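Position 2, counted from 1, in the sequence shown is what the working numbering calls 3; the numbers after and before it change by one each time, with no gaps.
In this text, a Cβ means the ideal position worked out from N, Cα and C, and glycines have one as well.
Here the structure is a predicted model, which is why all the values come from computation and not from measurement.
Here the structure is laid out as structure tokens; the discussion comes afterwards.
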Amino acid sequence: MASDDTVVVIVEDDPNISDLVELYLRRDGFRPYQADSGERALDVIRERDPSLILLDVGLGGELDGLDVCRRVRADSQVPIIFMTARDDEIDRVLGLELGADDYVTKPFSPRELVARVKAVLRRVEAPRRISPVTELSDRIVLDSARHEVTVDGAPVAFATREFDLLKYLADNRGIALSRRQLLDGVWGHDWVGDDRTVDVHVRQLRKKLGDDLDLVTVWGVGYRLD
Ligand code: CA
Numbered sequence: 002m003a004s005d006d007t008v009v010v011i012v013e014d015d016p017n018i019s020d021l022v023e024l025y026l027r028r029d030g031f032r033p034y035q036a037d038s039g040e041r042a043l044d045v046i047r048e049r050d051p052s053l054i055l056l057d058v059g060l061g062g063e064l065d066g067l068d069v070c071r072r073v074r075a076d077s078q079v080p081i082i083f084m085t086a087r088d089d090e091i092d093r094v095l096g097l098e099l100g101a102d103d104y105v106t107k108p109f110s111p112r113e114l115v116a117r118v119k120a121v122l123r124r125v126e127a128p129r130r131i132s133p134v135t136e137l138s139d140r141i142v143l144d145s146a147r148h149e150v151t152v153d154g155a156p157v158a159f160a161t162r163e164f165d166l167l168k169y170l171a172d173n174r175g176i177a178l179s180r181r182q183l184l185d186g187v188w189g190h191d192w193v194g195d196d197r198t199v200d201v202h203v204r205q206l207r208k209k210l211g212d213d214l215d216l217v218t219v220w221g222v223g224y225r226l227d
């Protein structure tokens, strides 16, 4: 997956962090480039045409991470993972709906960050896997071709949105998704309901599938299917 061609741009004004992230990415076969300001980031991104961007929110110069994201998004869908330092930054990242693909909160483990990078790349590079069947646990199988979920081979009845939510979580396995992302992904951008809609449906999934479903509440964020 990660090959020598997989360019990742690290936008971070703290050299300790960017050096560490670069080290881990390099070790995993990526080709990382650093930019220590928003202005520099735009140049490096233009030059290197990365497969993914790691973007610090709080940058020292004129442009912060959100500005950079906005500029990049104006003409590119390259995956962006935000690196946030504080809760209010997370709120801004999520609130502005800038199209971030994921984010990590500092301090983060570089190993975890690299895992996220791979997960996001996997998701964008192979949006449609051949097999419609996903094993969610030893007992739970989701068959999107049959539009069916079985536990120990026995079908479980789901409302359409419940099924769609489970499928969306399964397609983004291992990635923490905000309620807003889930609403957009499952209910669509024009849906007017609020976050509780997601909570209600998650409760249904847990009720119907029980503890075998490894659906984690990520505090302050949303949900993640492991
Ligand atoms: Ca910073």
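Secondary structure note for Pro-111: its alpha helix (DSSP H) is the uninterrupted segment 111–126. Between the alpha carbons of Tyr-34 and Ala-101 lies a gap of roughly 19 Å. Residues whose Cβ lies closer than 6 Å to any heavy atom of ligand 1, listed in chain order: Asp-14, Asp-15, Asp-57, Gly-59 and Leu-60. Rounded to whole angstroms, Phe-159 and Leu-210 show a C-alpha spacing of 10 Å.
For Ile-91, the closest of Ser-110, Ala-171, Val-199 and Gly-66 by C-alpha to C-alpha distance is Gly-66.
For Gly-66, no pairing in a beta bridge is given by DSSP. About 7 Å separates the beta carbons of Tyr-224 and Leu-170, which is inside the 8 Å limit, making them a contact pair. Boundaries cannot be given for Leu-214, as no beta strand (DSSP E) includes it and DSSP labels it neither H nor E. Rounded to whole angstroms, the separation of the alpha carbons of Val-8 and Pro-51 is 5 Å. DSSP, reduced to helix, strand and coil, places Ser-19 within a helical segment of the structure shown.
Phe-83 is bridged by DSSP to Leu-56 and Tyr-104. Taken through DSSP and simplified to helix, strand or coil, Glu-13 comes out as coil. Going by DSSP, Ile-46 is part of the alpha helix (DSSP H) stretching over 39–49.
Here Val-152 is bridged, per DSSP, to Ile-141 and Ala-155. Going by DSSP, Ala-36 is part of the beta strand (DSSP E) stretching over 32–36. Boundaries of the beta strand (DSSP E) around Thr-135: 134–136. CA-to-CA, the gap between Val-134 and Arg-124 works out to about 16 Å. Looking only at Glu-63, Gly-62, Val-118 and Phe-109, the smallest Cα-Cα distance to Val-79 is reached by Val-118.
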